[in-house]
Amino acid sequence: MILVTGATGHLGTAVLHTLLQRTAPSRLAALVRDEHKAADLKAQGVTIHQGNYDDLASLERAMQGVEKVLLISGGGEDEALQQHYNVVDAAKKAGVRCLAYTSRALRDPHTLVNQLMERHFQTEAYIQASGLPYVLFRNILYMDVLPLFTGPRVLETGIQLPAGAGRVAYALRSEMGEAIANVLLTGPCDNRIYHFTGAESYSFTDVAAALTAASGMDVTYAPAESAVFAAQMQERGVPELAVQRTLGFLTDIKNGQEADVSPELEAILGRKPTGLTEGVKMLYNL
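In full-length UniProt numbering, the protein residues as written are 1 to 286.
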(Lines of atoms letter the chains of each structure in order from A and count residues from 1; the text may use other names and numbers.)
(Lines give C-alpha, C1' and ligand atoms only; values in the text may rest on other atoms or scores of the structure.)
Protein backbone atom coordinates (compact mmCIF):
# COMPACT_ATOMS: atom_id res chain seq x y z
CA MET A 1 0.00 0.00 0.00
CA ILE A 2 1.24 3.48 -0.95
CA LEU A 3 -0.16 6.50 0.92
CA VAL A 4 0.02 9.92 -0.74
CA THR A 5 -0.47 12.94 1.52
CA GLY A 6 -1.72 16.23 0.12
CA ALA A 7 -3.38 14.04 -2.47
CA THR A 8 -5.76 16.63 -3.93
CA GLY A 9 -3.09 19.30 -4.40
CA HIS A 10 -1.37 19.89 -7.73
CA LEU A 11 1.62 17.62 -7.17
CA GLY A 12 -0.38 14.94 -5.33
CA THR A 13 -2.83 14.82 -8.22
CA ALA A 14 0.04 14.42 -10.70
CA VAL A 15 1.59 11.58 -8.68
CA LEU A 16 -1.70 9.72 -8.31
CA HIS A 17 -2.51 10.16 -12.00
CA THR A 18 0.54 8.06 -12.87
CA LEU A 19 0.10 5.62 -9.99
CA LEU A 20 -3.46 4.87 -11.12
CA GLN A 21 -2.20 4.13 -14.62
CA ARG A 22 0.46 1.71 -13.44
CA THR A 23 -0.85 -0.14 -10.41
CA ALA A 24 -4.10 -1.35 -8.93
CA PRO A 25 -6.11 1.32 -7.07
CA SER A 26 -6.44 -1.12 -4.19
CA ARG A 27 -2.72 -0.48 -3.55
CA LEU A 28 -3.26 3.26 -3.18
CA ALA A 29 -4.44 5.47 -0.33
CA ALA A 30 -4.80 9.24 -0.06
CA LEU A 31 -4.73 11.58 2.91
CA VAL A 32 -6.97 14.59 2.27
CA ARG A 33 -8.37 17.46 4.28
CA ASP A 34 -11.66 17.55 2.38
CA GLU A 35 -13.16 14.22 1.32
CA HIS A 36 -15.43 15.95 -1.18
CA LYS A 37 -12.40 17.06 -3.19
CA ALA A 38 -11.29 13.42 -3.36
CA ALA A 39 -14.56 12.09 -4.80
CA ASP A 40 -12.91 11.32 -8.14
CA LEU A 41 -10.10 9.38 -6.45
CA LYS A 42 -12.61 7.43 -4.38
CA ALA A 43 -14.60 6.59 -7.50
CA GLN A 44 -11.44 5.14 -9.04
CA GLY A 45 -10.92 2.85 -6.06
CA VAL A 46 -8.36 4.78 -4.03
CA THR A 47 -8.79 4.44 -0.25
CA ILE A 48 -9.51 7.89 1.18
CA HIS A 49 -8.43 8.98 4.66
CA GLN A 50 -9.70 12.31 5.95
CA GLY A 51 -7.17 14.13 8.11
CA ASN A 52 -4.37 16.64 8.17
CA TYR A 53 -0.81 17.13 9.30
CA ASP A 54 -1.89 18.65 12.63
CA ASP A 55 -4.16 15.73 13.57
CA LEU A 56 -1.84 13.03 14.86
CA ALA A 57 -4.66 10.52 15.34
CA SER A 58 -5.72 10.91 11.71
CA LEU A 59 -2.14 10.39 10.56
CA GLU A 60 -1.78 7.24 12.61
CA ARG A 61 -5.08 5.85 11.28
CA ALA A 62 -4.13 6.59 7.69
CA MET A 63 -0.80 4.79 8.00
CA GLN A 64 -2.09 1.47 9.27
CA GLY A 65 -1.08 -1.25 6.83
CA VAL A 66 0.87 1.20 4.67
CA GLU A 67 4.27 0.23 3.26
CA LYS A 68 5.28 3.53 1.64
CA VAL A 69 4.31 7.11 2.47
CA LEU A 70 4.85 10.08 0.18
CA LEU A 71 4.99 13.23 2.29
CA ILE A 72 4.20 16.14 0.01
CA SER A 73 5.58 19.27 1.62
CA GLY A 74 3.08 21.64 3.21
CA GLY A 75 2.43 25.25 2.33
CA GLY A 76 3.80 28.49 3.65
CA GLU A 77 2.27 28.37 7.13
CA ASP A 78 4.55 28.92 10.10
CA GLU A 79 3.59 25.55 11.55
CA ALA A 80 4.48 23.59 8.37
CA LEU A 81 7.79 22.31 9.73
CA GLN A 82 6.13 20.80 12.81
CA GLN A 83 3.48 19.31 10.53
CA HIS A 84 6.20 17.55 8.57
CA TYR A 85 7.67 16.24 11.81
CA ASN A 86 4.23 14.92 12.77
CA VAL A 87 4.03 12.87 9.58
CA VAL A 88 7.51 11.44 10.13
CA ASP A 89 6.67 10.53 13.73
CA ALA A 90 3.40 8.87 12.70
CA ALA A 91 5.14 6.89 9.95
CA LYS A 92 7.74 5.62 12.38
CA LYS A 93 5.09 4.67 14.95
CA ALA A 94 3.09 2.78 12.29
CA GLY A 95 6.11 0.82 11.11
CA VAL A 96 6.12 2.28 7.60
CA ARG A 97 8.91 0.73 5.53
CA CYS A 98 9.64 3.72 3.31
CA LEU A 99 9.13 7.46 3.71
CA ALA A 100 9.46 9.66 0.64
CA TYR A 101 9.53 13.47 0.79
CA THR A 102 9.21 16.21 -1.83
CA SER A 103 12.07 18.61 -1.13
CA ARG A 104 13.76 21.28 -3.28
CA ALA A 105 16.69 21.28 -5.69
CA LEU A 106 18.73 24.28 -4.58
CA ARG A 107 22.46 24.81 -4.99
CA ASP A 108 23.38 25.84 -1.45
CA PRO A 109 20.82 25.68 1.39
CA HIS A 110 23.20 27.68 3.60
CA THR A 111 23.05 30.83 1.46
CA LEU A 112 19.32 30.98 0.67
CA VAL A 113 17.56 34.34 0.79
CA ASN A 114 14.12 32.73 0.75
CA GLN A 115 14.06 31.35 4.27
CA LEU A 116 10.82 29.50 3.55
CA MET A 117 12.93 26.94 1.68
CA GLU A 118 15.03 26.12 4.74
CA ARG A 119 12.27 23.95 6.19
CA HIS A 120 12.78 21.45 3.37
CA PHE A 121 16.30 20.72 4.53
CA GLN A 122 15.24 20.71 8.17
CA THR A 123 12.63 18.11 7.25
CA GLU A 124 15.25 16.09 5.36
CA ALA A 125 17.46 16.07 8.44
CA TYR A 126 14.56 14.96 10.65
CA ILE A 127 13.74 12.10 8.28
CA GLN A 128 17.38 11.01 8.15
CA ALA A 129 17.60 11.07 11.95
CA SER A 130 14.37 9.05 12.33
CA GLY A 131 15.94 5.79 11.25
CA LEU A 132 13.21 5.23 8.65
CA PRO A 133 14.31 4.09 5.19
CA TYR A 134 13.74 7.09 2.93
CA VAL A 135 13.76 8.57 -0.55
CA LEU A 136 14.12 12.33 -1.01
CA PHE A 137 12.96 14.08 -4.16
CA ARG A 138 14.71 17.42 -4.58
CA ASN A 139 12.54 19.15 -7.15
CA ILE A 140 13.46 22.22 -9.17
CA LEU A 141 11.10 25.20 -9.45
CA TYR A 142 8.03 24.22 -11.45
CA MET A 143 7.88 25.62 -14.97
CA ASP A 144 4.18 26.00 -14.15
CA VAL A 145 4.93 29.08 -11.99
CA LEU A 146 6.20 31.15 -14.92
CA PRO A 147 2.81 32.79 -15.60
CA LEU A 148 2.67 33.84 -11.94
CA PHE A 149 6.08 35.49 -12.17
CA THR A 150 5.53 37.18 -15.53
CA GLY A 151 1.93 38.31 -14.96
CA PRO A 152 -1.20 37.91 -17.11
CA ARG A 153 -0.34 40.78 -19.52
CA VAL A 154 3.22 39.70 -20.25
CA LEU A 155 2.73 39.76 -24.04
CA GLU A 156 1.94 43.48 -23.77
CA THR A 157 4.20 44.56 -20.92
CA GLY A 158 7.21 42.27 -21.24
CA ILE A 159 9.00 40.88 -18.19
CA GLN A 160 10.42 43.09 -15.45
CA LEU A 161 11.77 41.06 -12.54
CA PRO A 162 14.70 41.41 -10.10
CA ALA A 163 16.24 38.12 -11.23
CA GLY A 164 19.26 39.45 -13.12
CA ALA A 165 20.73 36.86 -15.48
CA GLY A 166 19.85 34.01 -13.12
CA ARG A 167 18.91 30.71 -14.68
CA VAL A 168 16.43 28.01 -13.68
CA ALA A 169 16.36 24.38 -14.84
CA TYR A 170 12.54 24.42 -14.93
CA ALA A 171 10.55 21.21 -15.24
CA LEU A 172 6.81 20.65 -15.49
CA ARG A 173 5.07 19.65 -12.28
CA SER A 174 3.21 16.86 -14.11
CA GLU A 175 6.50 15.28 -15.20
CA MET A 176 7.92 15.51 -11.69
CA GLY A 177 4.77 13.79 -10.41
CA GLU A 178 5.19 11.06 -13.01
CA ALA A 179 8.82 10.49 -12.05
CA ILE A 180 8.00 10.40 -8.33
CA ALA A 181 5.32 7.80 -9.01
CA ASN A 182 7.77 5.71 -11.05
CA VAL A 183 10.24 5.66 -8.17
CA LEU A 184 7.54 4.80 -5.63
CA LEU A 185 6.48 1.84 -7.76
CA THR A 186 9.81 0.44 -8.89
CA GLY A 187 12.69 2.09 -7.05
CA PRO A 188 14.32 0.71 -3.91
CA CYS A 189 13.94 2.62 -0.66
CA ASP A 190 17.65 2.93 -0.17
CA ASN A 191 18.11 6.35 1.44
CA ARG A 192 18.64 7.93 -1.97
CA ILE A 193 18.31 11.59 -2.90
CA TYR A 194 16.99 12.32 -6.40
CA HIS A 195 17.53 15.68 -8.08
CA PHE A 196 14.69 16.34 -10.50
CA THR A 197 15.34 19.20 -12.91
CA GLY A 198 14.83 19.96 -16.57
CA ALA A 199 17.49 19.07 -19.12
CA GLU A 200 18.54 22.69 -19.55
CA SER A 201 18.53 25.91 -17.53
CA TYR A 202 16.95 29.15 -18.74
CA SER A 203 17.15 32.85 -17.92
CA PHE A 204 14.20 35.22 -18.14
CA THR A 205 15.74 36.45 -21.38
CA ASP A 206 15.18 32.92 -22.67
CA VAL A 207 11.63 32.96 -21.34
CA ALA A 208 10.99 36.24 -23.20
CA ALA A 209 12.44 34.76 -26.40
CA ALA A 210 10.23 31.67 -26.07
CA LEU A 211 7.17 33.86 -25.58
CA THR A 212 8.15 35.93 -28.60
CA ALA A 213 8.51 32.83 -30.77
CA ALA A 214 5.26 31.29 -29.56
CA SER A 215 3.10 34.43 -29.74
CA GLY A 216 4.62 36.34 -32.65
CA MET A 217 4.77 39.41 -30.40
CA ASP A 218 7.97 41.12 -29.29
CA VAL A 219 8.41 40.19 -25.62
CA THR A 220 11.47 41.50 -23.79
CA TYR A 221 13.02 41.01 -20.38
CA ALA A 222 14.37 43.96 -18.40
CA PRO A 223 16.00 43.17 -15.03
CA ALA A 224 14.37 45.28 -12.31
CA GLU A 225 15.69 46.63 -9.04
CA SER A 226 14.38 44.76 -6.02
CA ALA A 227 13.19 47.91 -4.24
CA VAL A 228 11.31 49.15 -7.29
CA PHE A 229 9.73 45.74 -7.86
CA ALA A 230 8.67 45.51 -4.20
CA ALA A 231 7.15 48.98 -4.29
CA GLN A 232 5.13 48.08 -7.38
CA MET A 233 3.79 44.95 -5.69
CA GLN A 234 2.86 46.93 -2.60
CA GLU A 235 1.04 49.50 -4.73
CA ARG A 236 -1.05 46.66 -6.17
CA GLY A 237 -2.05 45.68 -2.66
CA VAL A 238 0.05 42.53 -2.42
CA PRO A 239 0.51 41.57 1.27
CA GLU A 240 3.97 42.29 2.64
CA LEU A 241 4.67 38.64 3.42
CA ALA A 242 3.90 37.68 -0.18
CA VAL A 243 6.13 40.50 -1.42
CA GLN A 244 9.07 39.28 0.64
CA ARG A 245 8.61 35.65 -0.38
CA THR A 246 8.43 36.58 -4.06
CA LEU A 247 11.58 38.66 -3.71
CA GLY A 248 13.22 35.74 -1.96
CA PHE A 249 12.44 33.37 -4.83
CA LEU A 250 13.68 35.83 -7.44
CA THR A 251 16.83 36.78 -5.53
CA ASP A 252 17.74 33.13 -5.14
CA ILE A 253 17.24 32.70 -8.88
CA LYS A 254 19.51 35.70 -9.47
CA ASN A 255 22.12 34.10 -7.21
CA GLY A 256 22.11 30.82 -9.15
CA GLN A 257 20.30 28.66 -6.61
CA GLU A 258 18.00 27.08 -9.24
CA ALA A 259 20.49 26.77 -12.11
CA ASP A 260 21.99 23.31 -11.67
CA VAL A 261 20.92 20.64 -14.17
CA SER A 262 20.61 16.95 -13.29
CA PRO A 263 19.99 14.02 -15.68
CA GLU A 264 17.91 12.10 -13.13
CA LEU A 265 14.45 13.30 -14.18
CA GLU A 266 15.16 12.29 -17.77
CA ALA A 267 16.47 8.92 -16.61
CA ILE A 268 13.40 8.14 -14.50
CA LEU A 269 10.93 9.38 -17.13
CA GLY A 270 12.72 7.50 -19.89
CA ARG A 271 12.53 10.57 -22.13
CA LYS A 272 13.78 14.14 -22.19
CA PRO A 273 11.65 16.46 -20.02
CA THR A 274 9.54 19.08 -21.78
CA GLY A 275 11.70 22.07 -22.71
CA LEU A 276 10.94 25.76 -22.39
CA THR A 277 9.59 26.29 -25.91
CA GLU A 278 6.91 23.61 -25.66
CA GLY A 279 6.24 24.38 -22.02
CA VAL A 280 5.57 28.06 -22.72
CA LYS A 281 3.13 27.19 -25.51
CA MET A 282 1.18 24.98 -23.12
CA LEU A 283 1.31 27.15 -20.01
CA TYR A 284 0.36 30.37 -21.83
CA ASN A 285 -2.12 28.72 -24.22
CA LEU A 286 -0.19 29.91 -27.28
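For each residue, glycine too, the CB sits at the ideal point set by N, CA and C.
Here the structure is a predicted model, which means the values were calculated and not measured.
I'd like the list of long-range same chain contacts for residue i, defined as Cβ closer than 6 Å, with 5 residues on each side in sequence excluded.
i: L71; result: T5, V87, Y101
i: M217; result: L155
i: G198; result: A169, Y170, A171, P273
i: G12; result: V4, G6, I72
i: residue 330; result: This structure gives no information on residue 330, because the portion of the chain shown stretches from 1 to 286.
i: M176; result: N139, F196
i: F229; result: P162
From the DSSP output, which residues share a beta bridge with residue i?
i: P223; result: L161
i: I2; result: L28, K68
i: C98; result: K68
Residue i CB to nearest chain B CB: under 7 Å?
i: G198; result: Note that chain B does not occur in the displayed structure, where there is just one protein chain.
For residue i versus residue j, is the C-beta spacing smaller than 7 Å?
i: R104; j: M117; result: yes
i: A171; j: L265; result: yes
i: residue 316; j: Y142; result: For the chain, the structure presents residues 1 to 286; residue 316 sits outside this window and is missing.
i: A38; j: M63; result: no
i: E178; j: T8; result: no
i: H49; j: L31; result: yes
i: L283; j: P147; result: yes
Just the C-alpha distance for residue i and residue j, rounded to the nearest angstrom, thanks.
i: T277; j: E240; result: 33 Å
i: T150; j: S201; result: 17 Å
i: T23; j: E235; result: 50 Å
i: V261; j: A169; result: 6 Å
i: L185; j: I253; result: 33 Å
i: G65; j: D144; result: 35 Å
i: G51; j: D34; result: 8 Å
i: I127; j: L99; result: 8 Å
i: S58; j: Q122; result: 23 Å
i: G140; j: N255; result: According to the sequence displayed, residue 140 carries Ile and not Gly. Rounded to the nearest angstrom, the two C-alpha atoms are 15 Å apart.
So residue i and residue j are supposed to be a Cβ contact under 8 Å. How far apart are they, rounded?
i: V96; j: E67; result: 7 Å
i: M1; j: A43; result: Not a contact, Cβ separation roughly 19 Å.
i: L136; j: I193; result: 4 Å
If you drop the 5 nearest sequence neighbours on each side, which residues of the same chain put their C-beta closer than 7 Å to that of residue i?
i: D206; result: L276
i: S130; result: V88, K92
i: L250; result: L161, P162, A163
Residues in the same chain with beta-carbon distance under 8 Å from residue i, minus the five sequence neighbours each way, listed in chain order, please.
i: M233; result: A242, V243, T246
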